[in-house]
Every structure is written in C-alpha cells, then in structure tokens.
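Structure first, commentary second.
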C-alpha cells in the first residue's frame with residue numbers, strides 16, 4: 001500500500017520496477033526476420049498490479065471518450081458487433097446494385113510505434129486531469145527492456161516510443177490513440193471529402209457508416225472514386241505523421257463490392273493489393289453468401305489438425321470425452337455465435353467427434369455403441385455432457401434478439417433497426433423477407449419465438465408495453481387471464497402508460513370498456529384492479545424486458561440451451577455413476 005500511496009502523491013516510482021524482459025514469439029513457422037516475431041513483455045509483478053488498478057479505472061470512462069465506431073475494450077461492446085454491421089452493410093450495397101469499395105487496413109506493429117507525445121496530447125484533449133496524464137507519462141516513459149536470448153537477459157535499453165504488449169494499460173491507451181483516426185474520418189465526412197456507405201432500409205433513410213475499428217483492424221467504406229482514394233491516402237499520411245502509426249500495405253487490401261470500374265487503379269492510389277469477396281475480417285467471413293459451406297472449411301480443418309496432435313497417443317474414452325467437451329465442441333463457438341451452421345457442415349463435424357470418441361485419434365471406424373443424441377445430453381439426464389452443435393448454434397444466435405431488445409443505443413442495433421424496421425414497442429425488428437444475400441439478420445430474427453414465450457416486461461414509463469397483450473403482470477398477459485373483460489375493452493392495443501391516470505395526489509388505473517358491467521363481471525373487474533394495484537408507472541425510467549428462465553432476469557446462452565435440450569430421463573442415477581469412487585473410464589460404461 002505504501003507503493004500505491006507514494007505513486008498517488010508523487011506520480012513516480014523507482015525506475016527499476018518498470019524493467020521489462022522481452023520474449024520474441026514467432027508469428028509463423030520458420031520465422032527468420034525480426035519482423036516475423038512478436039515481442040511479448042514480461043512485466044514486473046508490482047508494476048503490473050499498479051497498471052491493473054489504473055486500467056480498471058480508465059475503462060470506466062472509455063465509453064464516454066471513445067466513439068461508437070470502435071468496439072474493442074469498451075464495456076458493453078463486442079467484437080461480433082462490428083462483423084454484423086460490416087456484413088449487413090455489404091449486403092445492402094449488393095442488393096442496391098451500387099458499386100463501392102472496402103479498404104481493409106492493418107497497422108504495422110501497432111503497439112510498438114505509438115508516439116508518447118501524441119498519446120499524452122490526446123489524453124489532455126479528451127479532458128483527463130494533469131495528475132492522470134502525469135501517471136501515464138511515467139508508466140510509459142520509464143520503461144527499460146532486456147531481450148531474453150535462450151532464456152538469459154542480454155542487457156537493458158530504453159525506448160523512445162511505443163506501448164508494451166503484456167501491460168494491462170496498453171490496450172486502452174492504444175484505443176484512445178486510434179480515436180484520433182476515427183475523428184479524422186468523421187470530419188472527412190462532414191467536409192465532404194469522403195462519403196461512406198448508406199445502409200438503406202424500408203424507410204429509405206438508412207444509416208451512414210464510414211468505418212469500423214477493432215484495435216488495429218480497420219474497415220473503411222468508400223465510394224468507387226479516385227478522388228476519395230486520394231483524400232484517404234492523405235488522411236493516412238497525416239495520421240502517421242502525428243501518431244507514428246504506419247499502415248502495413250502488405251496486409252492491407254482494397255475489396256470491390258458490386259460492379260467497380262478500375263479497381264486496380266484505385267488500389268494503386270493507396271499502394272495496397274486488390275482483394276475480393278468473401279474476405280476475412282476479425283477471423284470471420286465477410287461478404288460470404290448465406291448458408292455457404294466453404295467458409296466452414298477452416299473450422300473443419302482445425303478439427304482435423306487438433307486430432308492429428310492426439311493421433312499417436314493412447315487416450316481412454318473418458319479422456320476423449322473430456323477433449324471433445326473442452327476442445328472440439330468449443331472450437332466453432334466463435335463462428336456459431338453469428339453465423340447459421342448449415343446442416344451438412346454440422347453432420348460432418350459431428351461425425352469427426354463420433355469417430356474420435358469411439359475410434360480414437362486415427363478416426364477408425366468402430367461401432368458407435370450409443371446414439372449421438374443421447375451422448376449430447378447432460379450427465380444428469382443419462383448423457384456424457386457433450387454439447388449438441390445444433391443447439392449451441394441456436395442459443396447464441398437468439399442472444400442477439402435479447403440484445404436488440406435491451407441495447408437501444410448500440411450502433412449495431414441502430415443499423416439493424418433502420419435497415420429492417422421495428423415493430424411497435426421496439427423490442428424486435430419486423431419479419432425479414434426476401435432473399436438472404438450476405439446478410440445475417442434474417443437467420444437471427446427467424447426464430448424469435450424461441451425467446452418470446454419466456455419473456456416478461458418490467459413496467460417503468462409504460463410506453464413500450466401493451467396493457468392487455470404483453471406479459472407484465474405476474475403470470476401472463478391480461479387478455480388471457482381476463483378474456484371476457486378484454487373482449488369488451490375499447491382500447492385493446494393500449495400501452496400501459498395510456499391506461500395509467502394520475503388523479504390528484506393519488507394514482508389510478510383507468511381501463512376503458514365499451515359498456516357497463518354485468519353483475520357477474522363486477523367481481524372480475526375487482527380482481528383485475530386488485531392484480532394491477534401494486535404496479536406504478538414511473539415516467540423517468542425506461543421499460544425493460546426480463547428473461548423468466550433465470551433467477552436474475554438476465555438472458556444467458558446456458559439457460560436457453562437447457563430449455564432447448566430434450567430427451568433423457570430426469571430420474572437417471574447420475575450421482576451413483578459419476579460421483580462414486582471408481583475410475584472415470586469404468587463409469588463411462590455404466
């Protein structure tokens with residue numbers, strides 16, 4: 001605590017605490033040149049504690065100083081958000097039959113080239129206090145490095161720029177530096193130098209998008225114009241001059257979308273190579289046709305490469321189950337969280353898992369003693385706890401519907417909302433019709449019903465919840481609990497806020513009916529008013545949606561997976577099989 005107190009007051013610590021060992025990790029097999037190695041910093045434990053404290057504090061304000069076009073290291077934003085937006089933008093461009101170009105750029109040795117003076121100036125411009133800037137300055141400017149050669153240090157040297165990979169502060173500081181690039185591009189749009197793309201929807205207005213950033217992986221959306229390529233090259237040179245960050249032209253590429261004339265000339269202006277669709281961005285396919293089988297070849301290849309590592313080893317059946325659950329079943333999760341898994345691909349992946357379980361790493365064709373659907377059940381239901389790929393694809397895709405209902409200000413949601421329109425209340429988009437193209441939302445929206453029956457609404461201002469038709473009052477919609485009263489209601493589609501009527505110092509519910517009540521209906525009315533009496537409209541807060549399948553009301557993929565999983569027996573004696581003191585390979589055959 002004395003170390004932290006001294007740093008807080010003086011803004012300094014002993015220089016030796018910032019000494020760092022560098023380990024050069026090869027980026028690829030057969031690496032020889034220095035550029036083929038990635039320097040990983042082995043930061044001292046005491047400094048790392050301090051940096052972690054500072055990182056935990058700075059990440060709380062990242063959402064306020066970082067624009068919505070950056071998705072990395074900002075709370076509430078996810079890497080898949082950028083992929084969804086990019087694919088929907090490409091889909092709109094192709095369906096509108098309008099040409100355009102995507103500039104996929106990569107920054108050369110991004111962390112290593114950041115200018116310290118530039119970074120500190122950006123922090124000051126963003127409104128960080130003098131003490132904070134002093135702390136950051138000391139943390140990044142007192143670094144000393146020693147390269148480990150064959151495990152031994154080779155003497156220390158100082159650096160004059162850059163951030164360390166392995167320092168908890170570095171990701172946040174780099175994102176702050178990249179915000180200047182984002183700001184420059186936004187000003188280019190306001191000045192008319194760049195136009196970006198407009199993702200048009202049913203209303204015809206659409207959403208204008210120019211760029212997406214995830215750390216150093218950047219997409220810039222441009223028209224097929226030589227002038228725009230010229231302006232963009234100027235912006236990149238200016239950004240390099242002030243920040244020290246240089247574009248890696250070997251890894252950057254210009255991708256034509258639709259019919260583009262003279263794409264080679266446009267690429268020559270930027271000095272990069274020409275790419276094509278489908279491409280790859282953030283490790284996922286960009287611009288691939290819906291239900292494409294080719295984009296899953298990489299996943300299947302990774303399956304087989306991993307099996308090759310286990311081929312020469314004897315692994316018991318219990319060990320194989322463990323490897324399937326921990327490795328093979330988890331490998332396609334990143335893909336399946338955004339893309340629909342075609343049936344043909346799923347069957348191929350499941351076959352690899354089955355053959356490994358019963359035949360080992362050589363995938364020998366041995367008899368499959370148990371149906372695969374039974375193997376994929378939970379242990380308490382008589383299975384082996386292997387994840388069902390179809391369900392593991394369904395559950396994460398449905399999470400997007402939950403996020404759409406809750407993240408009203410998120411960039412990806414606004415793009416989807418303007419493109420497809422939304423139903424009254426704004427909890428979900430309208431049904432998506434027409435061909436799939438390269439868009440992803442149609443497959444996501446298609447099975448909204450999997451969530452709908454398990455959602456309830458928490459009423460605050462009551463402006464997005466139907467009084468009669470939505471489930472907001474305990475067990476179900478009022479139109480089902482009080483069907484006879486609903487049949488004589490004058491306002492069957494009324495919002496909760498429209499039925500709520502503040503009267504004097506008190507509050508009251510005032511549902512309107514078409515006629516006077518019969519004697520036998522008065523008791524029903526009393527029950528209705530008694531049921532809704534405890535609820536109050538609070539106009540300063542937004543209505544919320546609740547996931548009834550979890551105790552905290554928050555959606556989880558695990559809870560939906562459990563709901564979708566069918567079969568097995570809840571009376572299966574799993575405790576007496578898996579928790580007794582016998583070898584797991586023996587319990588496997590129980």
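In UniProt numbering, the protein residues as written are 1 to 590.
We put the beta carbon where it would ideally sit given N, CA and C, even for glycine.
In this text the structure is predicted, and so the values were computed from the model without any measurement.
Next on the checklist: Within a Cβ cutoff of 6 Å, which residues of the same chain sit near residue 58, ignoring the five residues on either side of it in sequence?
Outcome noted: If we look at residue 58 and ignore the five residues flanking it on each side, its Cβ neighbours are 172.
Checklist entry - Grouping DSSP H, G and I as helix and E and B as strand, with all else coil, what is residue 8? => result Helix, per DSSP.
Item to check | C-alpha distance - residue 124 paired with residue 226, whole-angstrom precision | outcome: Put simply, the backbone Cα of residue 124 is about 36 Å away from that of residue 226.
Item to check | Those runs of the beta strand (DSSP E) which lie wholly inside the region 209-241 and span at least 3 residues | outcome: You should have 211-214, 217-222.
Checklist entry - Who are residue 104's beta bridge partners in DSSP? => result Per DSSP, the beta bridge partners of residue 104 are 219, 253.
Item to check | Inter-stretch contact at 8 Å, needing at least 3 Cβ pairs: the region 71-80 / the region 413-432 | outcome: The region 71-80 vs the region 413-432: no contact.
Next on the checklist: Using CA atoms only, rank isn't needed, just tell me which of 402, 228, 190, 161 is closest to residue 547.
Outcome noted: Comparing Cα-Cα distances from residue 547 to each of 402, 228, 190, 161, the minimum goes to 402.
Next on the checklist: As a quick exercise: from 34, 316, 67, 324, pick the residue whose alpha carbon is nearest that of residue 187.
Outcome noted: For residue 187, the nearest C-alpha among the options comes from 67.
Next on the checklist: Pull the bridge partners of residue 422 from the DSSP assignment, please.
Outcome noted: Under DSSP, the beta-bridge partners assigned to residue 422 are 429.
Checklist entry - Can we count residue 484 as close to the ligand GDP, meaning its CB is less than 7 Å from some heavy atom? => result By its list of ligands, the structure shown contains no ligand whatsoever, and the ligand GDP lies outside what it can speak to.
Checklist entry - Quick one: what's got a C-beta closer than 8 Å to residue 389's C-beta in the same chain, skipping five residues either side? => result Setting aside the 5 residues that flank it on each side, residue 389 is surrounded in the same chain by 329, 332, 336, 341, 346, 349, 350, each with a C-beta closer than 8 Å to its C-beta; the list follows chain order.
Checklist entry - Which runs of the alpha helix (DSSP H), 4 residues or longer, sit entirely within the region 448-504? => result Runs of the alpha helix (DSSP H) lying entirely within the region 448-504, each at least 4 residues long, are 449-452, 478-481, 483-487, 496-499 in chain order.
Checklist entry - Grouping DSSP H, G and I as helix and E and B as strand, with all else coil, what is residue 404? => result Under the three-state reduction of DSSP output, residue 404 falls in the helix class.
Checklist entry - For residue 77, does the count of other Cβ atoms within 10 angstroms reach 16, so buried, or fall short, so exposed? => result By the neighbour-count rule (16 or more Cβ atoms within 10 Å), residue 77 is buried.
Checklist entry - Using the beta-carbon count (16 or more within 10 Å), is residue 49 buried or exposed? => result Sixteen is the threshold: since fewer than 16 other Cβ atoms of the shown chains lie within 10 Å of the Cβ of residue 49, the residue is exposed.
Checklist entry - Cα separation between residue 393 and residue 404? => result The straight-line gap from Cα to Cα measures roughly 18 Å.
Next on the checklist: If you measure between the beta carbons of residue 210 and residue 185, is that distance less than 8 Å?
Outcome noted: Contact: yes.
Checklist entry - Got a sec? Which residues, its chain only, sit under 6 Å from residue 202 by beta carbon, not counting five neighbours each side? => result Contacts found: 421.
Item to check | Helix, strand or coil at residue 636 [DSSP, three-state] | outcome: The chain is shown from 1 up to 590; residue 636 falls before or after that span and cannot be answered.
Checklist entry - Is residue 10 buried or exposed, if buried means 16 or more other CB atoms sit within 10 Å of its CB? => result The residue is exposed, with fewer than 16 neighbouring Cβ atoms inside 10 Å.
Checklist entry - Going by the beta-carbon positions, is the gap between residue 517 and residue 489 smaller than 8 Å? => result Here residue 517 is not near residue 489, since their CB atoms are 8 Å or more apart.
Item to check | Contacts around residue 275, its chain only, beta-carbon distance under 6 Å, and the 5 residues preceding and following it disregarded | outcome: Within the same chain, residue 275 has close Cβ partners 253, 255.
Next on the checklist: Just to confirm, is the Cβ distance from residue 325 to residue 387 under 8 Å?
Outcome noted: Yes, these two residues count as a Cβ contact at 8 Å.
Checklist entry - Which word fits residue 154, buried or exposed, when buried means at least 16 other C-beta atoms lie within 10 angstroms of its C-beta? => result Within 10 angstroms of the beta-carbon of residue 154 lie fewer than 16 other beta-carbons, which makes it exposed.
Item to check | residue 205 burial status per 10 Å Cβ neighbour count (16 or more: buried) | outcome: Burial call: exposed.
Item to check | For residue 407, the nearest candidate out of 426, 396, 475 (CA to CA) | outcome: For residue 407, the closest C-alpha among the options 426, 396, 475 is that of 426.
Checklist entry - Are there three or more Cβ pairs, one per stretch, closer than 8 Å when the region 90-101 is compared with the region 236-246? => result With the cut-off at 8 Å, the region 90-101 and the region 236-246 do not touch.
Item to check | residue 224 burial status per 10 Å Cβ neighbour count (16 or more: buried) | outcome: The residue is buried, with at least 16 neighbouring Cβ atoms inside 10 Å.
Checklist entry - Span of the alpha helix (DSSP H) holding residue 149? => result Boundaries around residue 149 are those of the beta strand (DSSP E), 144-149, since no alpha helix (DSSP H) includes it.
Item to check | Where residue 535 falls: helix, strand or coil (DSSP) | outcome: It is coil, neither helix nor strand.
Item to check | Whole-angstrom C-beta distance between residue 37 and residue 27, which should lie under 8 Å | outcome: In this structure residue 27 touches residue 37 by the C-beta definition: roughly 7 Å separates them, less than 8 Å.
Checklist entry - In chain order, which continuous runs of the beta strand (DSSP E) of length 3 or greater are located wholly inside the region 292-366? => result Fully enclosed beta strand (DSSP E) runs of 3 or longer: not present.
Item to check | Counterpart residues of residue 198 in DSSP-defined beta bridges | outcome: Bridge partners of residue 198 according to DSSP: 208.
Checklist entry - For the region 45-71, which segments carrying the alpha helix (DSSP H) assignment without a break, of at least 4 residues, lie completely within its bounds, in sequence order? => result Within the region 45-71, the runs of alpha helix (DSSP H) at least 4 residues long that lie entirely inside it are, in chain order, 45-58, 62-65.
Checklist entry - Taking the alpha helix (DSSP H) that residue 174 falls in, what are its first and last residues? => result Residue 174 -> alpha helix (DSSP H) spans 170-190.
Checklist entry - For residue 636, which of 544, 558, 22, 177 has the nearest alpha-carbon? => result With the chain covering only 1 through 590, there is no way to say anything about residue 636.
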